[in-house]
Amino acid sequence: MERTQPDLVLIVARSFATKLATPTVIIDARGDLVYFNDAAGEVLGRSYLDIGELGVSRWQELFKPRTLDEKPMTAEQTPGGVALIERRPVHDTIVIGGLDGREREITVTAFPLFSRPDHVVGSMSIFWELPAAP
Amino acid sequence: MIVRVWGARGSLSAPGPATVGYGGNTSCVELELADGTTLILDAGSGIRELGQRLLERDRGVLHLCLTHLHLDHVEGLGFFAPLWRAGWKLRFWGPPSTTATLRERVSRYLSPPLFPIGLSEAPAEAVFEDVPRKPWRVGSAVVEAQMVEHRGPTLGYRIEEEGHVLAYLPDHEPYLTAAVDDRPRWVSGWALAAGADLLFHDSQYTADEYVGRLGWGHSSGNHAAAFARAAEVRRLAMFHHDPMRSDQALEELYDEVADLLRDEQEAPLIAREGLEIDLGTAS
Numbered sequence: 006m007e008r009t010q011p012d013l014v015l016i017v018a019r020s021f022a023t024k025l026a027t028p029t030v031i032i033d034a035r036g037d038l039v040y041f042n043d044a045a046g047e048v049l050g051r052s053y054l055d056i057g058e059l060g061v062s063r064w065q066e067l068f069k070p071r072t073l074d075e076k077p078m079t080a081e082q083t084p085g086g087v088a089l090i091e092r093r094p095v096h097d098t099i100v101i102g103g104l105d106g107r108e109r110e111i112t113v114t115a116f117p118l119f120s121r122p123d124h125v126v127g128s129m130s131i132f133w134e135l136p137a138a139p
Numbered sequence: 016m017i018v019r020v021w022g023a024r025g026s027l028s029a030p031g032p033a034t035v036g037y038g039g040n041t042s043c044v045e046l047e048l049a050d051g052t053t054l055i056l057d058a059g060s061g062i063r064e065l066g067q068r069l070l071e072r073d074r075g076v077l078h079l080c081l082t083h084l085h086l087d088h089v090e091g092l093g094f095f096a097p098l099w100r101a102g103w104k105l106r107f108w109g110p111p112s113t114t115a116t117l118r119e120r121v122s123r124y125l126s127p128p129l130f131p132i133g134l135s136e137a138p139a140e141a142v143f144e145d146v147p148r149k150p151w152r153v154g155s156a157v158v159e160a161q162m163v164e165h166r167g168p169t170l171g172y173r174i175e176e177e178g179h180v181l182a183y184l185p186d187h188e189p190y191l192t193a194a195v196d197d198r199p200r201w202v203s204g205w206a207l208a209a210g211a212d213l214l215f216h217d218s219q220y221t222a223d224e225y226v227g228r229l230g231w232g233h234s235s236g237n238h239a240a241a242f243a244r245a246a247e248v249r250r251l252a253m254f255h256h257d258p259m260r261s262d263q264a265l266e267e268l269y270d271e272v273a274d275l276l277r278d279e280q281e282a283p284l285i286a287r288e289g290l291e292i293d294l295g296t297a298s
């Protein structure tokens, strides 16, 4: 029986996110998207149950993150990626492409998830969709 | 690996005629490994009698794996005879902390005003270490520890020797993590218990009691059964019995759990003081 599983911090973060009404995305230490909650699904254009976990290159390809001046961002350059790699909180506004075909500006607060002081197991990104310009 | 239960009660010692069948001592399980090494899981009040038994043998090294530092898992240390005899070496393993060493945290209990004598006065050599991230060898066994869902930093353990596996998760509320989807890898503690020959698991509450105690860190009997089924263990041992649970009430809870696991795995058992199982011959 293959019995590997994520660290408890990721498991509990995921459980916490299910209960949040604020859009929340969680990536693991490899940068793979391991969960987004229902509120995030509204912004991303599909539900987690429809999509499931996504490898890092796949979610970058699907959601096409970009800066406000339309420069493509790699997964590592997104707030969640920076939080993971640089082990610090990040706050930024970016553009993503929803799977419903809509482009959205979102403000993201991301922070690393430490299971021990020297061990990061992923990052959590909480975000808000900015109202469309009048 | 011979498994002996010295205490299976949860939260508070519960001696008396209503609990004499399964015992009132709090968590303590002794493992006698194939090479003679003694590995002790938790130091609840059950460890007092184990300590008296250990004095009958030559002094040596004892390994103690603490799941966490709630009182019902450390309260027996003050009366654990080898700690108070020179010539013994006690090697403790426990959950990591960002604020204090394991020795400092255990000393909070073993010091005034909670206890009259300080840990520093113990004649035995006591060594304290946070559990390693990866499995490590203790005697002839391989021990693995992972954090599990409970109030405060808490470990579960998996001990493997000669192809036999014991999983020990005495304080665990996996239900809180099981609601996202039905894949067991996202359920707290699953990897520790997966495929174990024997799983000691928190079964503190009835289903009705659990409703009012959600988030307190413990499981109902039916949640323990569901976890045992998800982990595909060979046999569940109900553990961490509520201090208010009489022997008769515990057997009623057992009947519910056994019904849930019927035809899926070996009949569960109620962990009781004095229970001894040789995992090497139990197959």
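Line by line, the protein sequences are chains A and B. Mapping to my numbering: the first sequence position 87 is 92, numbers consecutive. Mapping to my numbering: the second sequence position 22 is 37, numbers consecutive. Virtual Cβ for every residue (Gly too), placed ideally from N, Cα, C. Only a predicted model underlies this, so the values are computations on that prediction, with no experimental measurement involved.
Problem - Proximal residues, the segment 145–171 of chain B versus chain A, C-beta separation under 8 Å - result: Along the segment 145–171 of chain B, going in chain order, the ones with a CB nearer than 8 Å to a CB of chain A are 148, 161, 162, 163 and 164.
Practice task
To the nearest angstrom, report how far apart residue 10(A) and residue 207(B) are at their CA atoms.
Solution key: 9 Å
Problem - Residue range of the unbroken alpha helix (DSSP H) whose run includes residue 69(A) - result: That residue, residue 69(A), is in no alpha helix (DSSP H); it is neither H nor E in DSSP.
Exercise for the section: For residue 16(A), go through chain B and note every residue whose CB falls closer than 7 Å to its CB, in chain order. Expected result: 192, 201 and 203
Handout entry: Rounded separation between residue 148(B) and residue 80(B) - CA only
Key = 14 Å
Handout entry: Cβ neighbours of residue 239(B) in the same chain (closer than 6 Å, five flanking residues each side left out)
Key = 216 and 218
Practice task
To the nearest angstrom, report how far apart residue 127(B) and residue 135(B) are at their CA atoms.
Solution key: When only Cα atoms are considered, residue 127(B) and residue 135(B) end up about 12 Å apart.
Practice task
Pair every Cβ in the segment 34–53 of chain A with every Cβ in the segment 25–38 of chain B, then say whether three or more of these pairs are closer than 8 Å.
Solution key: no
Practice task
Decide yes or no for the touch test of the segment 275–285 of chain B against the segment 250–259 of chain B: beta carbon pairs closer than 8 Å, at least 3 of them.
Solution key: yes
Exercise for the section: Output the distance between the C-alpha atoms of residue 111(A) and residue 29(A), rounded to the nearest integer angstrom. Expected result: One Cα belongs to residue 111(A), the other to residue 29(A), and the distance between them is close to 12 Å.
Exercise for the section: Would you kindly work out how many angstroms separate the C-alpha atoms of residue 270(B) and residue 178(B), rounded to a whole number? Expected result: 30 Å
Practice task
Would you tell me roughly how many angstroms separate the C-alpha atoms of residue 296(B) and residue 102(B), rounded to the nearest one?
Solution key: 33 Å
Handout entry: alpha helix (DSSP H) segment containing residue 47(A), residue limits
Key = 43–49
Practice task
Taking residue 96(A) as the reference, give the member of 16(A), 102(A), 116(A) and 103(A) with the closest Cα.
Solution key: Of the candidates 16(A), 102(A), 116(A) and 103(A), the one whose C-alpha sits nearest the C-alpha of residue 96(A) is 116(A).
Handout entry: Proximal residues, the segment 112–127 of chain A versus chain B, C-beta separation under 8 Å
Key = 120, 121, 122 and 124
Handout entry: residue 247(B), enclosing beta strand (DSSP E) - first and last residue
Key = Counted as a single uninterrupted DSSP element, the stretch harbouring residue 247(B) is not any beta strand (DSSP E), since DSSP gives it neither H nor E.
Practice task
Assuming residue 164(B) and residue 187(B) form a contact by the criterion Cβ under 8 Å, report the distance between their Cβ atoms to the nearest whole angstrom.
Solution key: Confirmed, Cβ separation roughly 6 Å.
Exercise for the section: Could you check what DSSP says for residue 205(B) in three-state terms: helix, strand or coil? Expected result: helix
Practice task
Hey, could you find the ends of the alpha helix (DSSP H) residue 145(B) is sitting in?
Solution key: First-last for residue 145(B): 140–145, but that is the beta strand (DSSP E), not the alpha helix (DSSP H).
Exercise for the section: Answer with yes or no whether the minimum CB distance from residue 8(A) to chain B is below 8 Å. Expected result: yes
Problem - Beta-carbon gap between residue 190(B) and residue 56(B) smaller than 8 Å - result: no
Practice task
Taking C-beta pairs closer than 8 Å, name the residues in chain A that residue 247(B) reaches, listed in chain order.
Solution key: Against chain A, a Cβ distance below 8 Å from residue 247(B) picks out 6.
Practice task
Using a threshold of 8 Å, state whether the C-beta atoms of residue 261(B) and residue 23(B) are closer than that.
Solution key: no
Practice task
Verify the CB distance criterion: does residue 113(B) have a CB-CB separation below 8 Å to chain A?
Solution key: It does; some Cβ of chain A falls within 8 Å.
Practice task
Name the two residues that bound the continuous alpha helix (DSSP H) containing residue 63(B).
Solution key: 62–69
Practice task
Step through the CB atoms of chain B and report whether any lies within less than 8 Å of the CB of residue 141(A).
Solution key: Nothing can be reported for residue 141(A): it is not among the residues displayed for chain A, which extend from 6 to 139.
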